[in-house]
Amino acid sequence: MAATLSPSDLWADIAAVRERAPLVHSITNLVVINLNANVLLAAGASPVMAHAHEEVADMVGIAQSLVVNIGTLDPYWVESMELALRAAATRGIRSVLDPVGAGATPYRNQAIERLLDAAAPTVIRGNGSE
């Protein structure tokens with residue numbers, strides 16, 4: 005059964021985000037990186053879009069949450085995502101995996117399996133077709 009949110013519940017949640025101003029580490033696809041940053045800012049969060057292997061685990065360590073989106077796959081970014089998910093799991097930081105295009109190609113499926121093997125995310129976000 006789906007949960008129902010009233011408008012007042014939603015505004016209370018938005019107010020809570022603004023009060024906390026969480027740092028959200030987002031490793032997302034190139035198509036929506038700017039939009040994601042701006043939506044997070046509008047919601048009252050502080051976005052950081054770090055994907056360098058040398059800093060990704062440290063960045064997760066200071067963030068309050070992690071978002072990983074595989075829309076534009078690249079081997080370097082997949083490794084960054086894997087490092088980030090592991091760091092989040094080790095530190096008890098909530099994470100979201102958005103497996104964009106799941107099932108579309110063998111490479112994409114292998115990347116998703118690799119990420120899930122690295123660490124189970126708190127939330128898996130997907131569309132019905134995925």
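In my numbering, the protein residues as written are 5 to 134. A virtual CB, placed ideally from N, CA and C, is assigned to each residue, including glycine.
(message) Suppose the cutoff is 6 angstroms on Cβ atoms and the five residues either side in sequence are ignored; what does the same chain contact list for Asp102 look like?
(response) Mapped onto the sequence shown, residue 102 falls at position 98. Residues of the same chain with a CB within less than 6 angstroms of the CB of Asp102, apart from the 5 flanking positions on each side, are Asn73 and Arg129 in chain order.
(request) Name, in chain order, the residues that DSSP records as bridge partners for Asn73. (result) To locate residue 73, count along the sequence shown from 1; it is residue 69. Asn73 is bridged to Asp102.
(request) Report the rounded CA-to-CA distance for Leu44 versus Ser99, giving the unit in angstroms. (result) Residue numbering aside, residue 44 sits at position 40 when the sequence shown is read from its first letter. Residue numbering aside, residue 99 sits at position 95 when the sequence shown is read from its first letter. The straight-line gap separating the alpha-carbon atoms of Leu44 and Ser99 is approximately 15 angstroms.
(message) Going by the DSSP bridge assignment, what does Ile128 pair with across the sheet?
(response) Here residue 128 corresponds to residue number 124 of the sequence shown, with the count starting at 1. Residue pairing by DSSP places Ile128 opposite Leu101 in a beta bridge.
(message) Between which residues of its own chain and Arg118 is the CB-CB distance below 7 angstroms, once the five residues before and five after are set aside?
(response) Position 114 of the sequence shown, counted from the start, is the residue given in the question as residue 118. So the list reads Val82 and Glu86, once near-sequence residues are dropped.
(request) Enumerate in chain order the residues of its own chain whose CB-to-CB distance from Val52 is below 8 angstroms, with the five nearest sequence positions on each side excluded. (result) Translated into positions along the sequence shown, residue 52 becomes position 48. Once the five neighbours on either side are set aside, the close Cβ partners of Val52 are Leu27, Val28, His29, Ser30, Met63 and Ala67.
(request) Under 7 angstroms Cβ to Cβ from His55, same chain only, skipping five residues before and after it: list those, please. (result) By one-based count along the sequence shown, residue 55 stands at place 51. Excluding positions up to five away in sequence, the list reads Ile31, Trp81 and Ser84.
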